[in-house]
Amino acid sequence: MPTYIGRFAPSPSGPLHFGSLIAAVGSYLQAKSQHGQWLVRMEDIDTPRMVAGMDSDILRTLEQYGLNWDSTVVYQSQRLDRYQDIFQQLQQQQLVYGCQCSRKQISELGGIYNNYCAPRQLHSGKLAWRLCSNNVQPYFTDRIFGEQHISTELANEDYIVKRRDGLFSYQLVVVIDDIDQGITEVIRGADLLPMTPRQQALCQLLKAKPPSYGHLPLAVLAPGFKLSKQNYATAISQWSANSVLTQVLSFLGHTPPKELKLAPVTEQLLWASKNWRLEQIPAQLEINITEFR
């Protein structure tokens, strides 16, 4: 087994865009620079948002950009029994409880749940199920940003692991998947940085060693306006792959030499994997991408 296992976990709710390619390339190069494995996982747990055939579209786009994964692609939708087993384990340990609070109620509290239902012992009706936060620490060390702190209110928030509609939450399944796949390091977008302490704590709760985490700057068109499928970011599958890859590498602080800027993606990736350094990645939460396009 390799000592390093990384992963890229797209949601097949839309095509890959420039922002998601940044996460794919960053995680890929970190794995390959360590002579490790790079896995692809389809985060299709939120079934109402999934688009038929989009998983295949994403995989074809990754291949187009020379990002070839190791091992079989894992689909969260095929792992429901595993998630249910862990959920029942948490229930038996009395670490989860039912919650009736609506999004509107939580929004009126300022957006962070105040653990109101924790002592109410609700067991019937349409409930969301929350995990007791317990040992979530309000800080962690990021591989790119260094020591990071989140608010104590967020650290102490009991968060949803199973939704009212019966679907398991991202916060639960991502940790189970990382454990089962033996992920040693997670390189992903900075929008997920505040969730890292709770994922580390859940990993420890499940008797596993948490991976290390590094967060990449988000590609934005304006402050706070990141590229995403929700705001209809342009698909990259029809763009010139070698040109776009050059822009992604430059965004990540690894501008290829002039003679490689129009080279095939395989040559660019080979150069990048040999020259990859996390400390060269800009330690910025957001970068306006207009200068790279």
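Mapping of the sequence shown onto our numbering: position 232 corresponds to residue 232, and the numbering continues sequentially without gaps. Built from N, CA and C at the ideal position, the CB exists for glycine as well.
Near residue i, what residues of its chain come up, given a Cβ to Cβ distance below 6 Å and the 5 sequence neighbours on each side ignored?
{"i": "Tyr139", "result": "His149"}
{"i": "Cys132", "result": "Leu95 and Asp158"}
{"i": "Ala9", "result": "Arg41 and Glu43"}
{"i": "Ser11", "result": "Glu43"}
{"i": "Val294", "result": "The structure shown does not extend to residue 294, since the chain spans only 1 to 293, so no value can be given for it."}
{"i": "Val74", "result": "Arg41"}
Judging by CA-CA distance, which residue of the options is the nearest neighbour of residue i?
{"i": "Gly309", "options": "Leu221, Asn242 and Ser243", "result": "Any question about residue 309 goes unanswered here, given that the chain covers just 1 to 293."}
{"i": "Leu249", "options": "Trp276, Trp239 and Ile236", "result": "Trp276"}
{"i": "Leu193", "options": "Gln284, Gln89 and Gln37", "result": "Gln284"}
{"i": "Lys207", "options": "Thr196, Ile22, Ile176 and His35", "result": "Ile176"}
{"i": "Leu29", "options": "Ser273, Ile289, Thr290 and Leu278", "result": "Ser273"}
{"i": "His17", "options": "Glu108, Ser124 and Val244", "result": "Val244"}
{"i": "Asp81", "options": "Gln268, Ser27, Phe168 and Gln200", "result": "Phe168"}
{"i": "Tyr170", "options": "Met195, Gly182, Ile187 and Val186", "result": "Met195"}
{"i": "Leu67", "options": "Gln247, Ile289, Leu39 and Gly214", "result": "Leu39"}
{"i": "Cys203", "options": "Leu218, Ile183, Ala219 and Arg188", "result": "Ile183"}
{"i": "Ile45", "options": "Arg163, Ala128 and Asp57", "result": "Arg163"}
{"i": "Leu262", "options": "Leu278, Ala52 and Ser240", "result": "Ser240"}
{"i": "Leu218", "options": "Gln199, Leu260, Leu205 and Ile287", "result": "Ile287"}
{"i": "Gln37", "options": "Phe87, Asp70, Asn114 and Glu279", "result": "Asp70"}
{"i": "Gln89", "options": "Glu259, Leu278, Ile236 and Leu205", "result": "Leu205"}
{"i": "Gln137", "options": "Trp271, Arg198 and Glu279", "result": "Arg198"}
{"i": "Glu279", "options": "Gly146, Glu259 and Lys126", "result": "Gly146"}
Is it buried or exposed, residue i, if we count other Cβ atoms within 10 angstroms and call 16 or more buried?
{"i": "Pro210", "result": "buried"}
{"i": "Lys104", "result": "exposed"}
{"i": "Pro264", "result": "exposed"}
{"i": "Thr266", "result": "exposed"}
{"i": "Lys32", "result": "buried"}
{"i": "Gly110", "result": "exposed"}
{"i": "Asn135", "result": "exposed"}
{"i": "Gly166", "result": "exposed"}
{"i": "Thr3", "result": "exposed"}
{"i": "Arg304", "result": "The shown model of the chain, from 1 to 293, leaves out residue 304, and the question about it has no answer."}
{"i": "Val174", "result": "buried"}
{"i": "Ser27", "result": "buried"}
The alpha helix (DSSP H) that contains residue i, what's its start and end?
{"i": "Ile236", "result": "Neither: Ile236 is in no alpha helix (DSSP H) and is coded neither H nor E."}
{"i": "Ala241", "result": "Ala241 to Phe251"}
{"i": "Trp271", "result": "Val265 to Asn275"}
{"i": "Arg103", "result": "Arg103 to Glu108"}
{"i": "Tyr28", "result": "Phe18 to Ser33"}
{"i": "Ala155", "result": "Thr152 to Ala155"}
{"i": "Thr61", "result": "Met54 to Gln64"}
{"i": "Arg82", "result": "Leu80 to Gln92"}
For residue i and residue j, which I take to be in contact (beta-carbon distance under 8 Å), what is that distance rounded to the nearest angstrom?
{"i": "Gln76", "j": "Met50", "result": "10 Å between Cβ atoms; not a contact."}
{"i": "Ala190", "j": "Leu154", "result": "That belief does not hold up - the Cβ atoms of Ala190 and Leu154 are roughly 15 Å apart, past 8 Å."}
{"i": "Leu172", "j": "Val186", "result": "16 Å between Cβ atoms; not a contact."}
{"i": "Gln268", "j": "Pro256", "result": "6 Å"}
{"i": "Thr61", "j": "Pro15", "result": "7 Å"}
Could you name the residues of the same chain whose beta carbon sits closer than 8 Å to that of residue i, not counting the 5 residues immediately before and after it, in chain order?
{"i": "Cys117", "result": "Tyr97, Gly98, Cys99, Gln100, Cys101 and Arg130"}
{"i": "Asp142", "result": "Gln148, Leu193, Thr196, Tyr213, Gly214 and His215"}
{"i": "Thr290", "result": "Leu221"}
Between which two residues does the beta strand (DSSP E) holding residue i run?
{"i": "Ile5", "result": "Ile5 to Phe8"}
{"i": "Ala208", "result": "Unbroken run through Ala208: none, as it is neither H nor E."}
{"i": "Leu167", "result": "Element bounds for Leu167: n/a, residue is neither H nor E."}
{"i": "Gly189", "result": "Glu185 to Gly189"}
Take residue i and list the residues in its own chain whose beta-carbon comes closer than 7 Å to its own, dropping the five residues that flank it on each side.
{"i": "Ile281", "result": "Ile144, Leu216, Leu252 and Gly253"}
{"i": "Ile112", "result": "Glu153, Leu154 and Glu157"}
{"i": "Asn242", "result": "Leu262, Ala263, Pro264, Val265 and Gln268"}
Quick one: does residue i have its CB under 8 Å from some CB of chain B?
{"i": "Gln284", "result": "In summary, chain B is missing from the structure at hand, where a single protein chain is found."}
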